[in-house]
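**Student:** Residue numbers (my numbering): 105 to 337.
Sharing a structure here in structure tokens format.
Below is the structure:
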């Protein structure tokens with residue numbers, strides 16, 4: 105499994121709220137966000153790990169360059185206009201047919217993540233398995249419309265009618281077919297991960313939702329404590 109982390113955002117809201125270190129180096133229970141993800145990936149069949157950070161994050165760059173991992177590790181330093189473009193840049197480092205992408209501030213229970221990866225490895229007929237949750241604590245959630253078998257019909261900015269149960273959790277398992285759609289989306293001038301996900305549906309890829317009990321994003325200073333409490337439950 106090729107793993108990738110988007111850590112290219114500026115974390116401006118955290119800075120404005122008094123958090124001095126860059127978001128990837130924010131600690132939860134004494135472990136940085138970036139180290140936590142790397143450790144989880146290594147426990148779940150990582151064949152490579154790729155990370156993108158922006159050009160201004162010199163402290164994060166220095167931190168990551170000192171890492172020694174037991175699998176191939178690729179650090180890309182590049183500022184991009186959107187998370188979809190960050191994914192595109194990372195995709196050049198992925199050679200396998202199984203890819204897992206997440207943002208650096210996505211907090212989940214490790215045992216649920218392991219179940220998610222195992223499900224994706226088992227369901228080889230799927231083009232993608234998307235992490236979803238019915239826990240909504242997001243300013244602009246992306247709602248995920250599913251059928252009774254959790255097959256994904258669409259990605260919506262609003263809850264829809266009938267109301268969608270789930271929102272996107274910011275963790276994406278994809279096969280190489282998803283990278284072909286990514287290239288198409290870039291060539292068409294698209295931006296944002298949510299529009300890329302819509303393009304996956306538009307091009308007929310087979311996507312399924314995988315429910316997590318709860319996924320927390322660390323966007324604000326108060327989210328750090330929330331995330332620590334969640335992980336300690």
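All residues carry an ideal CB built from backbone N, CA and C; glycine is no exception.
How many Å lie between residue 312 and residue 146 at the Cα?
**Tutor:** Taking the straight line from one Cα to the other gives about 24 Å.
**Student:** Indicate whether residue 323 and residue 209 have their beta-carbon atoms separated by less than 8 Å.
**Tutor:** Taking 8 Å as the Cβ cut-off, residue 323 and residue 209 qualify as a contacting pair.
**Student:** Starting from residue 187, trace the alpha helix (DSSP H) in both directions and tell me its first and last residue.
**Tutor:** Residues 187 to 195.
**Student:** My output table needs one value for residue 162: the three-state DSSP class, helix, strand or coil.
**Tutor:** In this structure, residue 162 counts as helix in the three-state DSSP scheme.
**Student:** Unbroken alpha helix (DSSP H) runs of length 4 or more, entirely within the segment 253 to 297: which are they?
**Tutor:** You should have 280 to 291.
**Student:** Considering only the alpha carbon of each residue, which of 191, 267, 287 and 320 lies closest to residue 276?
**Tutor:** Residue 191 is the option with its Cα nearest to residue 276.
**Student:** Taking the Cβ atom as the reference point for each residue, do residue 156 and residue 205 lie within a distance shorter than 8 Å?
**Tutor:** Going by C-beta atoms, residue 156 is not nearer than 8 Å to residue 205.
**Student:** Bridge partners of residue 247, per DSSP?
**Tutor:** Paired residue(s): 260 and 271.
**Student:** If I measure Cβ to Cβ from residue 395 and keep anything under 7 Å in the same chain, skipping five residues before and after, which residues do I get?
**Tutor:** Summary: the structure shown does not reach residue 395, with the chain confined to residues 105 through 337, and so no result is reported for it.
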